[in-house]
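The block underneath contains the structure these notes are about, expressed in structure tokens.
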Amino acid sequence: MFKKVVVILVILLSNFSFSQSLPEGFVYLSEVIPDIEIELRYLGSHNFTGRPVPGYENEKIILSENAAEALRKIQQELENEGYCLKIFDAYRPQQAVDSFISWSKNAEDTLTKTEFYPNKKKRNLFSLGYIATKSGHSRGSTVDLTLINANTLKELDMGGNYDYFGERSHHNFEDITKKQRENREYLKSIMNKYGFRSYSEEWWHYTFRNEPFPETYFNFPVK
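Residues -19 to -1, 1 to 204 in mature numbering (1 follows the signal peptide of the UniProt record, and there is no 0) are what the sequence shown spells out, letter by letter.
Structural data, given as structure tokens:
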């Protein structure tokens, strides 16, 4: 009987997903939006540093409860129109931001220049506003995202790639097609409708206006 109980416990534990205890006011987005699409770029090497970023240990999206609830409402409205959200990044530990600073100081590391910053110098990325020493992401209510087709899960064409450091990423960039502009405006309008403000330099970057931790930069890992 004892051996049977042990076997059952082992099976149960093997199927149990251990998650960290989040600070009060934070949630895993998948618990609020179970069908949310995720491509956490900083967990892997397909990002502007060319390698996994410190502080990202699991493909989990963490946000403040307020921001997550707003995204749930956005997802619900989008699904009625045949679209969904896809998340690239949300809460970002300060240690990840610190690693970006170290990366920018290594002038010889240009592994990803062609894809992410072909016309910019690494040392200028901070002054140009593409990277910050203190990121709103670390406050827990900023999210990087795009729109996808709900049936095919294919990303809508926004006229520029995520984390591209250049004018093409700016909201007011003019050299894109009418459809690409409409897609950007559609994303912007629905995000604004539910309380998110855009960032002029990056079409994918939004911050919840009534963020609960406007002065706090967190450093717990994403796991």
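A virtual CB, placed ideally from N, CA and C, is assigned to each residue, including glycine.
- In this structure, DSSP gives V8 an extended state, which the three-state scheme calls strand.
- Counted as a single uninterrupted DSSP element, the beta strand (DSSP E) harbouring L126 occupies residues 123 to 130.
- Bounds of the alpha helix (DSSP H) holding R165 are 159 to 174.
- Relative to the Cα of F29, the nearest Cα in the group D90, K115, S179, R162 belongs to D90.
- Residues of the same chain with a CB within less than 8 Å of the CB of R190, apart from the 5 flanking positions on each side, are G176, F177, R178 in chain order.
- Here the C-alpha atom of F69 lies approximately 16 Å from the C-alpha atom of S45.
- In the three-state reduction of the DSSP assignment, V203 falls in the strand class.
- Minimum Cα-Cα distance from Y198 among the listed residues P74, L137, Y167, D138 corresponds to P74.
- Exposed is the label assigned to Q57, since fewer than 16 other Cβ atoms lie within 10 Å of its Cβ.
- Under DSSP, S45 forms a beta bridge with F7.
- With contacts defined as CB atoms closer than 7 Å, I17 and R53 fail to qualify as a contacting pair.
- Judged by their CB atoms, I43 and F7 are nearer to each other than the 7 Å cut-off.
- A distance below 8 Å between beta-carbons, with the five flanking residues on each side excluded, links E40 to the following residues of its chain, in chain order: I19, L21, L24.
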